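Participant: Next up is a structure, given as structure tokens.
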């Protein structure tokens, strides 16, 4: 094997050395503590904070948010693309990332 091929595993081995727990959490627990892996996070609306202003509902590009005006809304996790547009516009910080 050439010199370049011999060093190819080094970046992976280095990240495993320093970030083993994160790798294991991703694989075993399906969790991304940094909340960067879209496939492993969900968005939810805290019904105690949501004022039902409809801003997030109107902003959602996929129509994943449902709810009546002035009543707490909900996010359908099967429709949500996890783009974050709802969280960005929520004035009362009712949208949580899990």
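Numbering (full-length UniProt numbering), first residue to last: 1 to 98.
Where a beta carbon is used, it is the ideal one built from N, C-alpha and C, also for glycine.
Computed from a predicted model, the values in this text were never measured in an experiment.
(1) Quick check on DSSP: helix, strand or coil for residue 44?
(2) Can you give me the C-alpha to C-alpha distance between residue 83 and residue 2, rounded to a whole angstrom?
(3) Near residue 60, what residues of its chain come up, given a Cβ to Cβ distance below 7 Å and the 5 sequence neighbours on each side ignored?
(4) Measuring straight from C-alpha to C-alpha, what distance separates residue 64 and residue 54?
(5) Just tell me which of 56, 40 and 72 has its CA closest to the CA of residue 78.
(6) Check residue 89 in the structure and name its three-state DSSP category.
Facilitator: In terms of the structure at hand:
(1) By 1-based counting over the chain shown, the position of residue 44 is 44. DSSP places residue 44 in strand when its eight states are reduced to three.
(2) Taking the first residue of the chain shown as position 1, residue 83 is located at position 83. Taking the first residue of the chain shown as position 1, residue 2 is located at position 2. Within the model, the alpha-carbon separation for residue 83 versus residue 2 is close to 43 Å.
(3) Your numbering for residue 60 matches position 60 in the chain shown. The residues are 85 and 86.
(4) Taking the first residue of the chain shown as 1, we reach residue 64 at position 64. Taking the first residue of the chain shown as 1, we reach residue 54 at position 54. Residue 64 and residue 54: Cα-Cα distance of roughly 12 Å.
(5) Here residue 78 refers to the residue found at position 78 of the chain shown. The shortest Cα separation from residue 78 among 56, 40 and 72 belongs to 40.
(6) The sequence position of residue 89 within the chain shown is 89, counting from 1. Correct three-state label for residue 89: helix.
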